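Start counting the sequence shown at 94; every next residue gets the next number (my numbering).
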Amino acid sequence: EALVDLLKSDPDYLVRIAVIRALGSFRYDAVKENMFAALQDRNLHVATLASAYFVDHGISEEATLYRDLGRDSLPWPIQLNLLRAANRHLPAWFAQSIERLNNRLTEQFRTAEDPYEKAACLEALGEHPWNFRIIRELGFASDFPPVRVASVRALGTIWNYPAFSSFFGRSAKRARTEIAEAFQAAVMSGDVGMISESAEILAGDPDGVKAVLDSVEFLADMQARLPLPQALEAYMLLGKAISAMGGVSVPEYTPRYNHPVNWALAGVVDNRTRGIIETEKGDIVISFFGEEAPGSVANFIELAENGFFNGKTMHRVVPNFVAQGGCPRGDGYGSLDYAIRSEFSGLYYDRPGRVGMASAGKDTECTQFFVTHSPTPHLDGRYTIFGQVVQGMDVVHKLQVGDKILDVDIRE
94 EALVDLLKSD
104 PDYLVRIAVI
114 RALGSFRYDA
124 VKENMFAALQ
134 DRNLHVATLA
144 SAYFVDHGIS
154 EEATLYRDLG
164 RDSLPWPIQL
174 NLLRAANRHL
184 PAWFAQSIER
194 LNNRLTEQFR
204 TAEDPYEKAA
214 CLEALGEHPW
224 NFRIIRELGF
234 ASDFPPVRVA
244 SVRALGTIWN
254 YPAFSSFFGR
264 SAKRARTEIA
274 EAFQAAVMSG
284 DVGMISESAE
294 ILAGDPDGVK
304 AVLDSVEFLA
314 DMQARLPLPQ
324 ALEAYMLLGK
334 AISAMGGVSV
344 PEYTPRYNHP
354 VNWALAGVVD
364 NRTRGIIETE
374 KGDIVISFFG
384 EEAPGSVANF
394 IELAENGFFN
404 GKTMHRVVPN
414 FVAQGGCPRG
424 DGYGSLDYAI
434 RSEFSGLYYD
444 RPGRVGMASA
454 GKDTECTQFF
464 VTHSPTPHLD
474 GRYTIFGQVV
484 QGMDVVHKLQ
494 VGDKILDVDI
504 RE
């Protein structure tokens, strides 16, 4: 009851986010009405998280309700979570309802202009196993990396469907083979995001993969061809998949930065230097920690002054955690052809608005950065801190996946 009171009345949306996550541990019938009410929360992060609750905790008896609640008038993150919940929980004997729902999702994919909305459509389609062919058809051919990655992720949901064999019956081996061949095609595409997602799925079920594919040598073939350091994450995940299948990958790559610090630029940064990140939701002003992280600061300023960030999206937003951007692909798997060193100092993620460098391990940072919503001590000593938001935290809290960075201006 105390949690419900906070959900209804606490003015801080971060508290309401924490409450929704906590209520996920309670019985569905005890909290569902509060989750339904939270779908109307004034904060989009809260309402979206409430809709995601029904994906993970919904029940078949109310699946048609989730479908009916997923109105076109809702913001698409909420709508598609509700439709995804319906697709996951609709009983198999609701065949016509399921067909209409999946036709609706397919049509929404075709008409959506936002690639992140398209990606969410594919993940909703992934909740019904028979969609594996249309997911590949729609997703693999997309011009947008986030959509291609989402198609592999959706196929992974089907691959790991708990009742796969009984669902497909006599067609189970054929379906397994087709999906495994789709993962193979994703790896051989050379797309680092598709490779990474596929490799992680394959590593989780090596016996299932080897049962339907004649050879898995394509994993090592692609690993040997990947450019480093920009494809490091895909490289490491392929190595994990190869090891899981009993193969021998190419030698382990030891990350090493190859981008020297621009000391001339780092030397002119002081406590008056500001970075103004102009977004669709407003401006975020950051100060820099030039002494503690000179290489990261100089790299960020160089990228900003060259216009690199202009038009890039906030590709990852986790409420009450971080908003992340700066990926050249828009899906979190993008990088340039260099890496900078990690710079760990006496600074901590002990307050909101810390600006840090995303990485795939020590000395692998490049262009992606994040801003924290709240204290995140589990990041301490693992991710470089190079800045602090001094104005515009309200904008940080408004950011949603897909919001664009319009410009980053460096001023005294």
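Every residue gets a Cβ at the ideal spot worked out from N, C-alpha and C, and that includes glycine. Quick caveat, the model's predicted, so the values are computed rather than measured.
Is Arg181 helix, strand or coil when you go by DSSP?
-> The residue you call residue 181 lines up with position 88 of the sequence shown. Looking at Arg181 - three-state DSSP - the assignment turns out to be helix.
Rounded to whole angstroms, what's the CA-CA distance from Val242 to Asp105? Just pull it up for me.
-> Position 149 of the sequence shown, counting from 1, holds the residue named residue 242. Position 12 of the sequence shown, counting from 1, holds the residue named residue 105. Rounded to the nearest whole angstrom, the C-alpha separation of Val242 and Asp105 is 34 Å.
Can you tell which of Ser153, Thr199, Glu154, Lys211 has its C-alpha closest to the C-alpha of Trp169?
-> Translated into positions along the sequence shown, residue 169 becomes position 76. Out of Ser153, Thr199, Glu154, Lys211, Lys211 has the C-alpha closest to the C-alpha of Trp169.
Can you tell me which of the three DSSP states Ala391 falls into?
-> Numbered from 1 along the sequence shown, position 298 holds the residue referred to as residue 391. Reduced to three states, the DSSP call for Ala391 is helix.
Leaving out five residues on either side along the sequence, give the residues of the same chain with a beta carbon under 7 Å from the beta carbon of Tyr121.
-> Residue numbering aside, residue 121 sits at position 28 when the sequence shown is read from its first letter. Excluding positions up to five away in sequence, the list reads His150, Ile152.
Assign Asp430 to buried or exposed, taking buried as 16 or more other Cβ atoms, counted over all protein chains shown, within 10 Å of its Cβ.
-> Within the sequence shown, the letter at position 337 stands for residue 430. Flag for Asp430 reads exposed.
Touch check for the region 477 to 491 and the region 366 to 377: three-plus C-beta pairs under 8 Å?
-> Touching, yes, given that three or more Cβ pairs across the two stretches are closer than 8 Å.
Measure how close the beta-carbons of Gly368 and Phe381 come, nearest whole angstrom, since I'm counting them as under 8 Å.
-> In the sequence shown, residue 368 corresponds to position 275, counting from 1. In the sequence shown, residue 381 corresponds to position 288, counting from 1. Indeed they touch by this definition, with Cβ atoms about 7 Å apart.
Report all residues from its chain with a CB closer than 6 Å to the CB of Ile272; omit the five preceding and five following residues, and keep chain order.
-> As a position in the sequence shown, residue 272 is number 179, starting the count at 1. Excluding residues within five positions, the ones whose Cβ falls inside 6 Å are Phe225, Leu248, Trp252.
Identity of the residue in Ile335, Phe462, Met281 nearest Val448 by Cα | For this step, residue 448 is matched to residue 355 along the sequence shown. Here the closest residue by C-alpha is Phe462.
What's the C-alpha gap between Ala324 and Gly454?
-> As a working mapping, residue 324 is identified with position 231 in the sequence shown. As a working mapping, residue 454 is identified with position 361 in the sequence shown. About 13 Å.
Would you call the CB atoms of Val343 and Ala296 closer than 8 Å?
-> Within the sequence shown, residue 343 is the residue found at index 250, counting from 1. Within the sequence shown, residue 296 is the residue found at index 203, counting from 1. Result no, Cβ atoms of Val343 and Ala296 do not sit closer than 8 Å.
Where do the N-terminal and C-terminal ends of the beta strand (DSSP E) with Lys258 fall, by residue?
-> Within the sequence shown, the letter at position 165 stands for residue 258. Just to set this straight, residue 258 is Ser in the shown sequence, not Lys. Unbroken run through Ser258 is the alpha helix (DSSP H), 257 to 261; no beta strand (DSSP E).
Simplified DSSP assignment, three categories, for Asp105 | Within the sequence shown, numbered from 1, the residue matching residue 105 stands at position 12. Asp105: coil per DSSP, three-state reduction.
Taking His490 as the reference, give the member of Val108, Ser258, Ser102, Glu274 with the closest Cα.
-> Counting from 1 along the sequence shown, the entry for residue 490 is found at position 397. For His490, the nearest C-alpha among the options comes from Val108.
Helix or strand or just coil, what does DSSP make of Thr477?
-> Taking the sequence shown and counting its residues from 1, the one referred to as residue 477 is at position 384. DSSP places Thr477 in coil when its eight states are reduced to three.
Keeping to the same chain, check which residues put their C-beta closer than 6 Å to that of Val245; ignore five residues upstream and five downstream.
-> The residue you call residue 245 lines up with position 152 of the sequence shown. Within the same chain, Val245 has close Cβ partners Ala279, Met287, Glu290, Ser291.
Cβ neighbours of Arg164 in the same chain (closer than 7 Å, five flanking residues each side left out) = Translated into the one-based positions of the sequence shown, residue 164 becomes position 71. Within the same chain, Arg164 has close Cβ partners Gln172.
Integer-rounded CB distance, given that His352 should sit under 8 Å from Ile228 = For this step, residue 228 is matched to residue 135 along the sequence shown. For this step, residue 352 is matched to residue 259 along the sequence shown. With a Cβ gap of about 38 Å, Ile228 and His352 do not count as contacting.
Using alpha carbons as the reference points, say which of Arg422, Gly388, Thr460 lies closest to Val362.
-> Working through the sequence shown from its first residue, we reach residue 362 at position 269. Nearest C-alpha to Val362: Gly388.
Buried or exposed by the 16-neighbour rule on C-beta atoms within 10 Å, applied to His138 | One-based indexing of the sequence shown puts residue 138 at position 45. Around the Cβ of His138, a 10 Å sphere holds 16 or more other Cβ atoms; the residue is buried.
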